[in-house]
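Asker:
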Amino acid sequence: MSSIIIGVGLSFVVVTSSSLISDYFTGLEKSRIMGFQSIFVSIGGTIIAKGSGLLTAMAGWKRGYLVFLIALPIILIILLTVPKGETTPRVEKGKGSAISGSMVYFGILCLITGIFVATFNTNIAMYLDRKGIGDASTAGTVAAIMQVVGILGGLVLGTTVKIFKRFTIGAAILLMAAGTAMVGFSTSYPVICVGAVIVGFGFAIRNPGAVTFAANMVHPAQASLAIAIVSATYNVGNFISAYVVNAMASILGDDIANRFLVSAAALVVIGLVACIKAPTTDAQALDSQGE
1 MSSIIIGVGL SFVVVTSSSL ISDYFTGLEK SRIMGFQSIF VSIGGTIIAK GSGLLTAMAG
61 WKRGYLVFLI ALPIILIILL TVPKGETTPR VEKGKGSAIS GSMVYFGILC LITGIFVATF
121 NTNIAMYLDR KGIGDASTAG TVAAIMQVVG ILGGLVLGTT VKIFKRFTIG AAILLMAAGT
181 AMVGFSTSYP VICVGAVIVG FGFAIRNPGA VTFAANMVHP AQASLAIAIV SATYNVGNFI
241 SAYVVNAMAS ILGDDIANRF LVSAAALVVI GLVACIKAPT TDAQALDSQG E
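The opening position of the sequence shown corresponds to residue 1 in our numbering, with each subsequent residue numbered one higher.
(1) Looking at the secondary structure, which residues open and close the alpha helix (DSSP H) in which P208 lies?
(2) With a CB to CB cut of under 7 Å and the five nearest residues on each side skipped, what residues in its chain are close to S42?
(3) How many angstroms separate the CA atom of V82 from the CA atom of G27?
(4) Which residues in the same chain as S17 place their Cβ atom closer than 7 Å to its Cβ, once the five residues preceding and following it in sequence are excluded?
(5) Could you check what DSSP says for T280 in three-state terms: helix, strand or coil?
(6) Could you check where the alpha helix (DSSP H) with F239 kicks off and where it finishes?
(7) Which whole-angstrom value describes the C-beta separation of I192 and V142, a residue pair presumed to lie in contact below a C-beta threshold of 8 Å?
(8) Go to M1, then tell me how far its alpha helix (DSSP H) extends in each direction, as first and last residue.
(9) Give me, in chain order, the residues of the same chain whose beta-carbon lies closer than 8 Å to that of D135; leave out the 5 immediate sequence neighbours on both sides.
(10) Measuring straight from C-alpha to C-alpha, what distance separates A125 and S186?
(11) Considering F167, what are the terminal residues of the alpha helix (DSSP H) in which it resides?
(12) At what residues does the alpha helix (DSSP H) containing M72 begin and finish?
(13) Span of the alpha helix (DSSP H) holding D129?
(14) For the alpha helix (DSSP H) containing P26, name the first residue and the last one.
(15) By how many angstroms is the C-alpha of I33 removed from the C-alpha of K93?
(16) Do the CB positions of V244 and I115 come within less than 7 Å of each other?
(17) For S186, does the three-state DSSP call read helix, strand or coil?
(18) Would you kindly report the start and end of the unbroken alpha helix (DSSP H) that includes I151?
(19) Are at least three pairs of beta-carbons, each pair with one atom in the region 261-281 and one in the region 163-173, less than 8 Å apart?
(20) Could you say which of A215, V211, A232 and G184 lies nearest to G9 if we only look at CA atoms?
(21) Under 7 Å, do A226 and V218 count as touching if we go by C-beta distance?
(22) With distance defined between alpha-carbon atoms, name the residue in I75, L286, V268 and A257 nearest to G202.
(23) For I43, which of helix, strand or coil comes out of DSSP?
(24) With DSSP as the reference, label K62 as helix, strand or coil.
(25) Under a three-way DSSP split, which group does I133 fall into?
(26) Leaving out five residues on either side along the sequence, give the residues of the same chain with a beta carbon under 8 Å from the beta carbon of N246.
(27) Looking only at its own chain, which residues have a Cβ that is under 7 Å from the Cβ of I256, when we skip the five neighbours before and after it?
(28) Below 8 Å on the Cβ atoms is my contact criterion, and I expect A242 with V262 to pass it. Report the Cβ-Cβ distance as a whole number of Å.
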């Protein structure tokens, strides 16, 4: 029940904040603002990851969830500072209501990506423990490293989209595949930290990039729905990740490293597919179709 409540709340925050950015900004500026949003998400993720790791190490895994009390001052800040105005609709709500086949394809791609990207976060603590590399606090540090790198990823998102255009998502997924593989092939803590850096950077490009591209792919009136689709399908992939990845990894044996290796191989395939059959055009990636 706790996971459901946290997940529903997080989904509302992601869709609402991303939709507001889509309403107020266009072109590469939209990608840059999405990148800034990703920076603050990474900062928050760093606090959550390291804070929960420390609380768990000091007082047990249940106390680790006390880190979510950080939401209380955030709620107060929102109530006191965020304007209560509404955006001016740019289009008639009835136009462009159909979801295209490319949007469906993008949703499926996000779902499959979510399955294998989740392996890092959900297994890194167990991996460090079973391999005798560290404890909950160590795992929190690795997770925090992944989030901190997201700050850099957020800063360069606009530039990355300008360079890679429709290949941005595929390139980010291939980057996450490389970082995941480094963990699966190594029991060295420094190497695992480097893997976390690579995964974190790819994650910081892929996630806001996918939300931005989804909004660019559809009529502006449907931007919120498109963002909800890619967010929901990705989260569904995260939810079923353990069932799929663990079953596939068990075929290779009981070593937990197999989960990382299977996920890395799958991400390579997904990344290549996303490059060969990109979900967006260059114009959609740059949001330049109306310029």
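Yeah, the Cβ is synthetic: ideal placement off N, Cα and C, and Gly gets one too.
Answerer: Inspection of the coordinates gives the following:
(1) Where P208 is concerned, the enclosing alpha helix (DSSP H) stretches over Y189 to M217.
(2) The beta carbon of S42 sits closer than 7 Å to the beta carbons of Q147, V148, G150, I151, G154 and A204 from its chain, once the five residues preceding and following it are set aside; these are given in chain order.
(3) Separation of V82 and G27 (C-alpha to C-alpha, rounded to the nearest whole angstrom) is 24 Å.
(4) Only Q37 meet the Cβ criterion.
(5) When secondary structure is reduced to three states using DSSP, T280 falls in the coil class, being assigned neither helix nor strand.
(6) For F239, the enclosing alpha helix (DSSP H) stretches over residues A223 to S250.
(7) Indeed they touch by this definition, with Cβ atoms about 6 Å apart.
(8) Looking at the DSSP string, M1 is not in any alpha helix (DSSP H), and its letter there is neither H nor E.
(9) A57, L128 and D129.
(10) Spanning the two alpha carbons is a distance of roughly 15 Å.
(11) Taken as a continuous stretch (DSSP letters only), F167 belongs to no alpha helix (DSSP H), as it is neither H nor E.
(12) Here residue 72 turns out to be Leu, not Met, going by the sequence shown. Following the DSSP letters along the chain, one finds L72 inside the alpha helix (DSSP H) bounded by residues A71 to T81.
(13) It spans G101 to R130 - the alpha helix (DSSP H) in which D129 sits, taken as one unbroken run.
(14) According to the sequence provided, residue 26 is Thr. The question's Pro does not apply to it. Run containing T26: none; DSSP gives neither H nor E here.
(15) Because the pLDDT at K93 is just 47, under 50, the model does not fix this residue reliably, and the value given afterwards should be weighed accordingly. Rounded to whole angstroms, K93 and I33 show a C-alpha spacing of 25 Å.
(16) Yes, they are a contact pair.
(17) The answer is coil: DSSP assigns S186 none of H, G, I, E or B.
(18) Where I151 is concerned, the enclosing alpha helix (DSSP H) stretches over A136 to L155.
(19) Flag = yes, the region 261-281 and the region 163-173 touch.
(20) Measuring from the Cα of G9, the nearest candidate turns out to be A232.
(21) Taking 7 Å as the Cβ cut-off, A226 and V218 qualify as a contacting pair.
(22) That would be V268, whose Cα lies nearest to the Cα of G202.
(23) In the three-state scheme derived from DSSP, where H, G and I count as helix and E and B as strand, I43 is classed as helix.
(24) In the structure shown, K62 sits in coil (DSSP, three-state: anything other than H, G, I, E or B).
(25) I133 carries a coil assignment under DSSP once its states are collapsed to helix, strand and coil.
(26) Excluding positions up to five away in sequence, the list reads R259.
(27) If we look at I256 and ignore the five residues flanking it on each side, its Cβ neighbours are N123, M126, Y127 and R130.
(28) Cβ-Cβ separation between A242 and V262: approximately 12 Å, too far for a contact (criterion under 8 Å).
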